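Chains A and B are the protein sequences, given in the same order.
Counted the way the working numbering counts, the first sequence spans residues 1 to 242.
Counted the way the working numbering counts, the second sequence spans residues 243 to 484.
Glycine is no exception: its CB is placed at the ideal position from the N, C-alpha and C atoms.
Fair warning: this is a prediction, and the values are worked out from it, not measured in the lab.
Working notes for the structure below.
2 protein chains.
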Amino acid sequence: MFDRESPVPMYYQIERYIEHLIENRNLKAGDQIPSEREFTDQFHVSRMTVRQAIMNLVNSGLLVRIKGKGTFVSNYNKIEKALIGLNGFSEDMISRGMKPGSRMLSFRRILPSTKIAERLGLSKSEEVFEIKRTRLADDEPMAIETSYLPVHVFPKLTEKKASPSLYHYIEQECGLLIDHADQSLEAALVTDEEAKILDIQNGSPVLLIERCSFLKNGQPIEQTKSLFRADRYKFMITLPRG
Amino acid sequence: MFDRESPVPMYYQIERYIEHLIENRNLKAGDQIPSEREFTDQFHVSRMTVRQAIMNLVNSGLLVRIKGKGTFVSNYNKIEKALIGLNGFSEDMISRGMKPGSRMLSFRRILPSTKIAERLGLSKSEEVFEIKRTRLADDEPMAIETSYLPVHVFPKLTEKKASPSLYHYIEQECGLLIDHADQSLEAALVTDEEAKILDIQNGSPVLLIERCSFLKNGQPIEQTKSLFRADRYKFMITLPRG
DNA sequence: TACATCTAGTTGTCTAGACATCTATACGCT
DNA sequence: AGCGTATAGATGTCTAGACAACTAGATGTA
Numbered sequence: 001m002f003d004r005e006s007p008v009p010m011y012y013q014i015e016r017y018i019e020h021l022i023e024n025r026n027l028k029a030g031d032q033i034p035s036e037r038e039f040t041d042q043f044h045v046s047r048m049t050v051r052q053a054i055m056n057l058v059n060s061g062l063l064v065r066i067k068g069k070g071t072f073v074s075n076y077n078k079i080e081k082a083l084i085g086l087n088g089f090s091e092d093m094i095s096r097g098m099k100p101g102s103r104m105l106s107f108r109r110i111l112p113s114t115k116i117a118e119r120l121g122l123s124k125s126e127e128v129f130e131i132k133r134t135r136l137a138d139d140e141p142m143a144i145e146t147s148y149l150p151v152h153v154f155p156k157l158t159e160k161k162a163s164p165s166l167y168h169y170i171e172q173e174c175g176l177l178i179d180h181a182d183q184s185l186e187a188a189l190v191t192d193e194e195a196k197i198l199d200i201q202n203g204s205p206v207l208l209i210e211r212c213s214f215l216k217n218g219q220p221i222e223q224t225k226s227l228f229r230a231d232r233y234k235f236m237i238t239l240p241r242g
Numbered sequence: 243m244f245d246r247e248s249p250v251p252m253y254y255q256i257e258r259y260i261e262h263l264i265e266n267r268n269l270k271a272g273d274q275i276p277s278e279r280e281f282t283d284q285f286h287v288s289r290m291t292v293r294q295a296i297m298n299l300v301n302s303g304l305l306v307r308i309k310g311k312g313t314f315v316s317n318y319n320k321i322e323k324a325l326i327g328l329n330g331f332s333e334d335m336i337s338r339g340m341k342p343g344s345r346m347l348s349f350r351r352i353l354p355s356t357k358i359a360e361r362l363g364l365s366k367s368e369e370v371f372e373i374k375r376t377r378l379a380d381d382e383p384m385a386i387e388t389s390y391l392p393v394h395v396f397p398k399l400t401e402k403k404a405s406p407s408l409y410h411y412i413e414q415e416c417g418l419l420i421d422h423a424d425q426s427l428e429a430a431l432v433t434d435e436e437a438k439i440l441d442i443q444n445g446s447p448v449l450l451i452e453r454c455s456f457l458k459n460g461q462p463i464e465q466t467k468s469l470f471r472a473d474r475y476k477f478m479i480t481l482p483r484g
């Protein structure tokens, strides 16, 4: 299970082991994990090495240490994730207790506009997928979402695969982990066409959200424009100070 | 300068020293800081202790380490702060390159509504300050801001002190450090009265932002409702993924 | 010139301890 | 019962090294 000859450092192997412990051994928030000494005996490494593993997990927010008592699974992490977390529409709706849905408006392979090409770091001759969908919550229109993805990043994308949850496809099927996203929010009025799709009156307000998602290396991989019905949607977030 | 007998741990003293180095020695983003060995010689502590100080600063985003090369002042930190940071209106406008301004609409000491009392964790008999202002950017109306602050937290608040920047007063004059804020954003239409104040047409869209600020211990100390002109204001943010 | 090798300096990983500080419990005394 | 003390066990701080891995520059050779 543990390989001292592996080029993977021991502290990193221990980190993954502790994460595994929490996921598979049903450790809930607040539960205590084994002490530093127990890990030292179990893995036959020095205490400083165990501490390096644990400190990394503390810094990532998974664990909390209390002097004199022990090390515990954090619960802050989940609150943080629920409020700050970067979620796709489906995850967002589920966390609000609503049933997400989707109705495809169009699925095309096109040359990007200047703005989209620039945001995605492409030349204007590199194709992108354009996915336009009506987003439903409890079977009623909630938003109009238009996503752009570089063809060279997602060569095998099809209409069917994109349908349920785009984020799920990107992360679970392509193995691309989104690291962060730049997002802007502004208020706007619907056009007549949009009002018809969203089933609201002409001149109603909508929340316009534009998002560009990046990998850890800074490569942009997705640009989405969403138009939310103001009467059904409020964007919630917790901002840390500094 | 450094006290080995102090109860303050050496690694912490070194952390503060490095921060001081960066601020006062004009180290810009990308500049290299002294090597671990140099700190070891300078402070007569072991290398592991120096590493503990440096790793803490790496985790906080101030430094970046490159194996085989050295340790450098980060630039990511500033971008992060500019986009994620929790700012008052004045700081926000300055970072957009505009001149912030303020026109007091009303300054009252009142009993809070049920909603405000609940948000601020007060009983309905505990008074709050209600501060209504027109917020200007480059001398033109940008937003209408209504803030509520518990009287028992800010007993000495006056109309004059609140005028330039509320956040400045809270943090610099009262010494209360805001830790985080819950914020909601939604789209709405202006009322006739608001349209007049903001100098826009009736039926124009506005971005409605509600914010409740908390201290580190979780105590709420400020609740603000802001109505931004949609034609002048866009909310920007960078969201980390988990 | 072009390329490989050596070397000094840096961060990365790890050890086997030491003593301090804090928590919770157990114990004994009043 | 109430109170202080002792103790075990946990994390916090720190040492004085060791070797590995990586970078960049100098040196030597074809």
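Residues near residue i in its chain [Cβ-Cβ closer than 7 Å; skip 5 each side]
{"i": "residue 387 (chain B)", "result": "331, 375, 377, 466, 468"}
{"i": "residue 52 (chain A)", "result": "11"}
{"i": "residue 220 (chain B)", "result": "Missing from the structure shown is residue 220 (chain B); chain B here goes from 243 to 484 and no further."}
Residue i and residue j closer than 8 Å at C-beta
{"i": "residue 383 (chain B)", "j": "residue 187 (chain A)", "result": "no"}
{"i": "residue 166 (chain A)", "j": "residue 185 (chain A)", "result": "no"}
{"i": "residue 470 (chain B)", "j": "residue 462 (chain B)", "result": "no"}
{"i": "residue 369 (chain B)", "j": "residue 391 (chain B)", "result": "no"}
{"i": "residue 278 (chain B)", "j": "residue 292 (chain B)", "result": "yes"}
{"i": "residue 238 (chain A)", "j": "residue 421 (chain B)", "result": "no"}
{"i": "residue 104 (chain A)", "j": "residue 60 (chain A)", "result": "no"}
{"i": "residue 249 (chain A)", "j": "residue 109 (chain A)", "result": "With chain A represented from 1 up to 242, any question about residue 249 (chain A) goes unanswered, as that position is not in the structure."}
Chain-ordered chain A contacts of residue i [CB-CB under 7 Å]
{"i": "residue 398 (chain B)", "result": "The contacting residues do not exist; residue 398 (chain B) stays about 23 Å from chain A at best."}
{"i": "residue 479 (chain B)", "result": "183"}
Residues near residue i by beta carbon distance below 8 Å, same chain, minus five either side
{"i": "residue 299 (chain B)", "result": "257, 260, 261, 305"}
{"i": "residue 233 (chain A)", "result": "142, 143, 207"}
{"i": "residue 381 (chain B)", "result": "341, 343"}
{"i": "residue 436 (chain B)", "result": "386, 448, 469"}
{"i": "residue 121 (chain A)", "result": "219, 220"}
{"i": "residue 329 (chain B)", "result": "337, 409"}
{"i": "residue 78 (chain A)", "result": "In this prediction, residue 78 (chain A) has a pLDDT of 45, which is less than 50 and means its spatial position is unreliable; what the coordinates show is noted afterwards. Contacts found: 29."}
{"i": "residue 231 (chain A)", "result": "200, 204"}
Own chain residues within Cβ distance below 6 Å of residue i, not counting five before or after
{"i": "residue 27 (chain A)", "result": "73"}
{"i": "residue 32 (chain A)", "result": "70, 72"}
{"i": "residue 412 (chain B)", "result": "418"}
{"i": "residue 349 (chain B)", "result": "373, 401"}
{"i": "residue 335 (chain B)", "result": "342, 379"}
{"i": "residue 190 (chain A)", "result": "204, 206"}
{"i": "residue 80 (chain A)", "result": "In this prediction, residue 80 (chain A) scores a pLDDT of 44, lower than 50, which makes its location untrustworthy; the coordinate-derived value is nonetheless stated afterwards. There are no such residues."}
{"i": "residue 192 (chain A)", "result": "202"}
{"i": "residue 282 (chain B)", "result": "289, 292"}
{"i": "residue 196 (chain A)", "result": "none"}
Buried/exposed call for residue i, threshold 16 Cβ in 10 Å
{"i": "residue 101 (chain A)", "result": "buried"}
{"i": "residue 365 (chain B)", "result": "exposed"}
{"i": "residue 222 (chain A)", "result": "buried"}
{"i": "residue 254 (chain B)", "result": "exposed"}
{"i": "residue 66 (chain A)", "result": "exposed"}
{"i": "residue 250 (chain B)", "result": "exposed"}
{"i": "residue 211 (chain A)", "result": "buried"}
{"i": "residue 355 (chain B)", "result": "exposed"}
{"i": "residue 6 (chain A)", "result": "exposed"}
{"i": "residue 367 (chain B)", "result": "exposed"}
Chain B residues whose Cβ lies nearer than 7 Å to that of residue i
{"i": "residue 205 (chain A)", "result": "429, 430, 431, 447"}
{"i": "residue 230 (chain A)", "result": "428, 429, 430"}
Residues that residue i contacts on chain B, provided the C-beta gap is smaller than 8 Å
{"i": "residue 234 (chain A)", "result": "426, 427, 428"}
Residue i: CB within 7 Å of a non-hydrogen atom of the ligand NAD
{"i": "residue 290 (chain B)", "result": "Of ligands this structure carries none, so the ligand NAD is not represented either."}
Going along the chain, which residues of the segment 425-439 of chain B sit with their C-beta nearer than 8 Å to a C-beta in chain A?
-> Here the close residues are 425, 426, 427, 428, 429, 430, 431.
Below 7 Å between beta carbons is the criterion; list the residues of the segment 52-73 of chain A that meet it against any residue of chain B, in chain order.
-> 59
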